[in-house]
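A short write-up of the structure that comes next.
Residue numbers (full-length UniProt numbering): 1 to 123.
Dropping the structure here:
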């Protein structure tokens with residue numbers, strides 16, 4: 001048996017409820033892709049993008065602070081500066097998580113699932 005074929009996913013035609021043979025992905029109803037309003041979709045997309053950018057910023061700032069802390073040697077000023085960078089990065093991450101939670105609460109109050117873009121698109 002060819003081991004490469006074992007781990008490569010393959011698409012096969014299948015019977016639907018109507019009994020017709022269709023290709024992969026043909027059963028999905030894409031017509032409801034604009035179910036959410038454009039404002040909901042915009043807010044959801046922006047919130048996701050900003051959260052990802054903030055998470056990436058935290059990671060970069062935290063790594064830089066860690067490198068500065070490691071390379072501080074015996075210099076007390078460098079050590080304090082690096083510790084402040086690590087603390088600021090952690091505080092920034094906490095702010096992002098709290099803001100994300102508040103956005104979820106506001107979305108629940110307004111009955112809009114802005115944290116789940118797929119639900120806005122009807123998927």
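For each residue, glycine too, the CB sits at the ideal point set by N, CA and C.
Quick caveat: nothing in here was measured; it's all calculated off a predicted structure.
Just curious, the alpha helix (DSSP H) that residue i is in, first and last residue?
i           : result
residue 102 : 76 to 109
residue 71  : Premise fails: residue 71 is in no alpha helix (DSSP H) and is neither H nor E.
Nearest to residue i by CA position, among the options, is which residue?
i          : options            : result
residue 93 : 55, 40 and 107     : 55
residue 58 : 70, 40 and 87      : 87
residue 50 : 96, 111 and 40     : 96
residue 85 : 62, 40, 116 and 52 : 62
Within 8 Å of any Cβ in chain B, is that where the Cβ of residue i sits?
i          : result
residue 77 : Absent from the structure: chain B. Only one protein chain is present.
Between residue i and the ligand FAD, is the CB less than 7 Å from at least one heavy atom?
i          : result
residue 71 : The ligand FAD is not part of the structure shown, which contains no ligands of any sort.
Contact between the segment 73 to 82 and the segment 101 to 111 (3+ Cβ pairs under 8 Å) = no
Do the segment 61 to 68 and the segment 35 to 50 touch if we need at least three Cβ pairs shorter than 8 Å?
-> no
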